[in-house]
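In full-length UniProt numbering, the protein residues as written are 1 to 308.
Here is the structure we will look at.
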Amino acid sequence: MAVFAEYRGLPETARGASIALGNFDGLHAGHRAVMDAARIAGHGSFSVATFEPPPRAYFRPGDPPFRILRPERRNDLILAAGATHVFELPFNGEMAAMTDEGFVRQVLVDGLGVSHVSVGFDYRFGRGRMGHAQRLASLGRALGFGVTIVEEVSGHGGKASSTAIRQALMAGEPEVAADLLGGPWIADGIIEPGEKNGRTFGFPTANMALGDLIHPKMGVYAVRLRIEGESEWRDGVANFGRTPTTGLRDPLLETFIFDFNREIYGQRVEVQLIAYQRPELKFPSLDAMIEQMHRDAELAKEILATRR
């Protein structure tokens, strides 16, 4: 087993690791630096410990969707980066009530049996965020494990952070998000049947609800889509929104794939947001909307041709 949803009762083969500790939503350059530090301390071997659900979801359950990565994709990427295990520490009332020292003793020492812990310079932990990176280093010295504190990693003129990535996506700046992430942001999910209006005017779309993934700025994007199990990224144009012209409904990411005519209902896909083209609009007529969709598709083809 590579992913554990508990820190108690672990097999001995999973304990004693050099751990990268943090939220790891997005796996941006700062997260990768923390993992690299854990890898170095572990002489090439490391694991990752994060929280599930994220503390923000526990404390603010009414917030809009904010995840940059679904947990399954996050774990797959962490393991692909060389981690031996991912520990999804359950964030619940018990975890929220732990002091900083209680967390270190119960979770890191008694549970994971860590040999080393790597964290970002701004890492906070324990009840009310009472603990910080230097406090973790002090507790590590007292309890017999090493600590590496990774300094700020910059990107696009500022600190590489999940917050900056979210802000870029909500502002319609997928290129900024890509710079911080090290590649385009990807929305993944299952293609579901839609209203099937698009096929009646020559634009059949692959429709996907984003669920608890962050909702980017509504509007039209140049995108690339890949079907699970295939290697090819296919060019397309997508609208994320409520389709105010044909009838409002919950937001969907609707992707028109160029030169493609297969049914892919029920299949998992990944969609890269490459460039934002325009906001979602309400058109005076269906004909006006179709005319604009043709312009959107041509512009998306021009954009994608320059970004190979």
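Even glycine gets a Cβ: it sits at the ideal position worked out from N, Cα and C.
Here the structure is a predicted model, which means the values were calculated and not measured.
_Using a Cβ-Cβ cutoff of less than 6 angstroms, which residues in the same chain neighbour Arg-278 once the five nearest sequence positions on both sides are dropped?_
Gly-219 and Val-220
*Cβ pair Phe-145, Ile-78 closer than 8 angstroms*: no
*Apply the 10 Å Cβ neighbour rule to Thr-148 and answer buried if 16 or more other Cβ atoms are within range, or exposed otherwise.*
Buried, by the Cβ-count rule.
*Which ranges would you report for the beta strand (DSSP E) in the region 68-114 if only whole runs of at least 3 residues count?*
86-90
_Bridge partners for Asn-207 per DSSP, in chain order?_
Glu-192 and Glu-254
*The alpha helix (DSSP H) with Glu-302 in it runs from where to where?*
286-305
*Assuming Phe-125 and Phe-91 form a contact by the criterion Cβ under 8 angstroms, report the distance between their Cβ atoms to the nearest whole angstrom.*
Rounded, the Cβ-Cβ distance is 11 angstroms, inconsistent with contact.
_Separation of Gly-189 from Asn-75, as counted between CA atoms_ = Spanning the two alpha carbons is a distance of roughly 16 angstroms.
*Sequence ranges, beta strand (DSSP E) only - wholly within the region 5-54, length at least 3*: You should have 18-21 and 47-52.
*Do the region 130-138 and the region 35-54 make contact, defined as three or more Cβ pairs closer than 8 angstroms?*
no
*Compute the distance between the beta-carbons of Arg-226 and Val-269, then report whether it is under 8 angstroms.*
yes
*Can you give the Cα-Cα distance for Leu-213 and Ala-187, rounded to whole angstroms?*
8 angstroms
*In chain order, what residues of the same chain have a beta carbon less than 7 angstroms from the beta carbon of Ser-154, not counting five sequence neighbours either side?*
Ala-160
*asked:* Which of the three DSSP states is assigned to residue 310 in this structure?
replied: Past the edges of the chain, shown from 1 to 308, lies residue 310, and the structure says nothing about it.
*Determine the direct distance from the alpha carbon of Leu-21 to that of Asp-110, and round the result to whole angstroms.*
16 angstroms
*Note down, in chain order, each residue of its chain lying with its Cβ closer than 7 angstroms to the Cβ of Asn-261, except the 5 sequence neighbours on either side.*
none
_Rounded separation between Asp-250 and Ala-206 - CA only_ = 15 angstroms
*Could you check where the beta strand (DSSP E) with Glu-270 kicks off and where it finishes?*
268-279
*asked:* Going by beta-carbon coordinates alone, are Val-237 and Gln-272 separated by less than 8 angstroms?
replied: It is not a contact, given that the beta carbons lie outside the stated cut-off.
*If you draw a straight line from the C-alpha of Ser-115 to the C-alpha of Ser-18, how long is it?*
So the two alpha carbons sit approximately 5 angstroms from each other.
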